[in-house]
């Protein structure tokens, strides 16, 4: 009956740490739920619970331009996928003592700590006496050789916990020859057998470049990637999802569901909810599938249909007018963070503004506006005054207009308001409109991982350990068959080069893992598209409620994944 | 393993409803968590599970000015509290068939549906054949006689669910003679034996006026109040807490905890979190006790110490500077929604601005500013330009400055930024500062009620049923001993007049239930005050995680209540 929280004191490892930013969760006070999660026993795929061997598949190619990828990765191109399969006895030497490093790269995603736990436990279970180093603060930690040795005591309080604070993360990249050199020095200094890079598309591309570099220089250090991003845009057939997506979407969906019930109870607000996801709209789509909002904007659709801001506004206003006729003057609208980036005319306007602001005087009488093209001028005049002002005044250090600072949800509220006012005067709208804006972002990146993310990450880490144990490099940890119970999940690795294409930048080919965007002919979008008309006018709201860790609801997997796997219709 | 949600179809009651705004949750699709909650068996205090009688206590007085309260409530003043106690046999007639109305008044709070379920189940259990009417859209539903008959089938899908959408709510008041007349007509038309008003301080005051009015006119309709508000500012010895506070705080604390882990993982943001609660800062205080933020502003303390906006800013900046010296350039800061209202100098400035804007021309050169008093001018110049502009431009229909529209968290970020810049130039600050703003409000009002709120509300409703059954009026449903298991909770009613004082308005005495503010010598604030220095510089963050409905963590009760009951130290 008491809310008293237990004091977790981890005496042993206290002396090991330097900078306060990675001081560890020593003597942390944990909530009851946090505490209950620490000792949550994680299931493992049966293939890694029993003796296994690693089987190679056929040689791989690339996602595009295989010839260029082959040139960029002469040592790694064409590597086969690796798959763990049951075996009479373990085929890998258990007397090896490995030295492995691990690094977190980029934005937080729930489950990162479990990947590290998975690697650690693999090494403990299969290569007793191995050492795991955690590089601090992202790839910069590799270059500056800032690390801690991860011990059982140190890792313990982070098990099944959100955040990246065990070793923290960073956005630096290892890409110049000098930086590669620093990485080599660290690998040599620590005598590293392997390195696990936990990150998104960019980080995994760089992981592969590092693997290629080490291999090219005949260094023993192998590199394995792990798919991390709440945005859900790093995925392919072999890597069905990136970790963190499941948890983040469920946290946002909890909030959206609550706001929906509020909207229906109050009956007088339209809630405009902007959701994280600058490049792809997977989060927005998944949240829509979980909650059934009245209006959902998917950036990829806006781009494919070459919609303008006016089109988007009109779509919203049309639905709002129809709902008003039905007596509903409330609703919930989901918008992806990156919406503006998907609208070509906005990009054009921004480019023109940057040009004008750099070279011309912006006069009070608005004569400067004559320098805009007709289309851009029309768009500019269509924007609410506050947004116009923001575009003109807020610039980054290079003097560029800051699109990222525009609060899309507030802008849309103003545009919808203006358009509704017009329709009211025309007599085609009879309701009343009041917008409320929300942005759900930071709340979802560091929540306690769901049972799915906790297990998935643990398996990813365990897989990474197995791949390094068997001497693999340049692979991304791959756990499959995710619609089945954890016991039946498949475990292996996929050649990072097989995920790659090239982009031409500054006259050179650069390898990239293309972001997986929402596919308009994919199952998740098609399901959404088949239902959205109903959702618009009827109120089909679903409130997913808070993430549960125990009971039937605790093992639900997100719709996107199940639909893509064909496990849901 | 599937996220598929079950389709709840409630065929029977479909025909009963008219307006789309209260169309009921018919054929609603429910999430797994929602579904699991519908059939959650609610415990009841043992006193109502067994035969009981109702015992009156000693006559009551008033919270202040008893003579005036006695004049305002000649028929009800001095009523004793009522307490249910075990009895050999039930003392109330079970052959009575009652006609009872229920109304939700004011803002949403998790658990409202359970109060209604509690009333309904009491009537079913103890006065078979009784009828429960739900007035639609708040007190206006009483005046306009808009209602539905609540049946078992209709109530079922709302059990343990958030929101007020079963009958919706409203903010109208029944206070003029004409309005009282309308209420009388409705009571007569429906032959009402009783009415339960579920609301906050104002609504319960009005409930008592209605009870007095009915009694004065010798009508049979009795009125019982129920304490509802997430703000937690309706409470006294006999009514230890208002429902919804527990759930709302836990939802906000989940988000705050997630943001904390993000802050620590990222290491570069100060998150300014504004929390609902315009009058009192209970929510902010409770969230602080649950999560241990670096800085928490309690409105009542700001008012008591007559702090200025500059004082508040300086306090924040001092902590931020000290943290920077320790290497921490991140943190989490909680701010109550009503902060600005607690600062006397801001009130003064607003008053002067309203005066000036009403009568003078605001010239571009700022000559109008000379009309401000010295103190107000100083404050105005201290405000960030965006806020100055907002104060000058955004007015309500009466031409008044709109304080409510000021996003306090954004204003404080700007003020802190400016002050830090100054200190940087003086050499007393060496860090880097980046603020992120959040407002947690609508997300918490309609969440699925916690086990505590679910049980508490059910007991409140059951108690209201018992009080009406025994012919009581002018009482507020009172459930006590809340630190003990539900079985041991006490059940009764407290004279609403005993909670009242008077305020002088327009030369007349008006009865009011004074809002319970955060008491600076109360246990919750004292606990907070004893720990906040530690929280400021060390990172003692606690992440409460999502509300759990099963397991040990599911029965935790909020700190404020336990501390006030002396059940936690």
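Residue numbers (the UniProt record's numbering), protein chains in the order written: chain B, 1 to 569; chain P, 1 to 569. C-beta atoms are modelled at their ideal positions from N, C-alpha and C, and glycine is treated no differently.
For residue 222 of chain P, same chain residues with a beta-carbon under 6 Å away, outside a window of 5 residues either side, are 194, 468 and 473 in chain order. The beta carbon of residue 82 of chain P does not come within 8 Å of any beta carbon belonging to chain B, so the residue lies off that interface. Apart from sequence neighbours up to five positions away, the residues of its chain that approach residue 210 of chain B with a beta-carbon distance below 8 Å are 174, 180, 183, 195, 197 and 223, ordered along the chain. Ranked by Cα distance from residue 204 of chain B, the options B:400, B:504, B:494 and B:545 are led by B:494. Taking the Cα of residue 217 of chain P as reference, the smallest distance to any Cα among P:188, P:118, P:361 and P:248 is reached at P:188. Contact residues of the stretch 380 to 402 of chain P toward chain B are absent (C-beta to C-beta distance below 9 Å). The stretch 532 to 546 of chain P and the stretch 292 to 300 of chain P touch, with no fewer than 3 CB-CB distances between them shorter than 8 Å. Close partners of residue 429 of chain P in chain B (Cβ separation under 8 Å) are lacking, with about 17 Å as the shortest Cβ gap. With 16 or more other Cβ atoms inside 10 Å of its own Cβ, residue 339 of chain B counts as buried.
Across the set B:449, B:378 and B:232, the C-alpha of B:449 shows the shortest separation from the C-alpha of residue 42 of chain B.
Taking 8 Å as the cut-off, the beta carbon of residue 31 of chain B is found no closer than this to the beta carbon of residue 256 of chain P. Here the C-alpha atom of residue 317 of chain P lies approximately 41 Å from the C-alpha atom of residue 502 of chain P. Per DSSP, reduced to three states, the secondary structure at residue 524 of chain B is helical. The beta carbon of residue 255 of chain B falls within 8 Å of a beta carbon belonging to chain P, placing the residue at that interface.
For residue 152 of chain P, the enclosing alpha helix (DSSP H) covers residues 152 to 155. When secondary structure is reduced to three states using DSSP, residue 542 of chain B falls in the coil class, being assigned neither helix nor strand. Listed in chain order, the positions of the stretch 257 to 269 of chain P with a beta carbon within less than 9 Å of a beta carbon of chain B are 257, 258, 259, 260, 261, 262, 263, 264, 265, 266, 267 and 269. Pairing residue 516 of chain B with residue 232 of chain B, the inter-Cα distance amounts to about 8 Å. Counting every other CB atom within 10 Å of its CB across the protein chains shown gives residue 568 of chain B a total of 16 or more, marking it as buried. Excluding sequence positions up to five before and after residue 164 of chain B, its CB lies within less than 6 Å of the CB of 104, 108 and 112, all in the same chain and listed in chain order. Contact of residue 449 of chain B with chain P is not assigned, every C-beta pair being separated by 8 Å or more.
Secondary structure note for residue 122 of chain B: it is in no beta strand (DSSP E), and the uninterrupted alpha helix (DSSP H) holding it is 112 to 126. Residue P:145 holds the alpha-carbon nearest to the alpha-carbon of residue 192 of chain P among P:178, P:167, P:206 and P:145. 8 Å or more divides the Cβ of residue 36 of chain B from the Cβ of residue 556 of chain P.
For residue 226 of chain P, there is no enclosing alpha helix (DSSP H); the enclosing beta strand (DSSP E) covers residues 222 to 227. The C-beta of residue 443 of chain P comes closer than 8 Å to at least one C-beta of chain B. Counting along the chain, residue 455 of chain B sits inside the alpha helix (DSSP H) bounded by residues 451 to 469. When beta bridges are read from the DSSP output, residue 490 of chain P appears opposite P:480. The C-beta distance from residue 137 of chain P to residue 168 of chain P rounds to 5 Å, short enough to fall under 8 Å.
Counting along the chain, residue 203 of chain B sits inside the alpha helix (DSSP H) bounded by residues 201 to 216.
Under the Cβ criterion of 8 Å, residue 169 of chain P is counted among the residues facing chain B. The three-state reading of DSSP puts residue 393 of chain P in helix, counting H, G and I together. Per DSSP, the unbroken alpha helix (DSSP H) holding residue 282 of chain B starts and ends at 282 to 291.
Annotation: residue 434 of chain P is outside any beta strand (DSSP E) and is labelled neither H nor E by DSSP.
Each residue's CA atom was taken as its position, placing residue 281 of chain P and residue 525 of chain P some 10 Å apart. In the DSSP assignment, the residues bridged to residue 505 of chain P are P:508.
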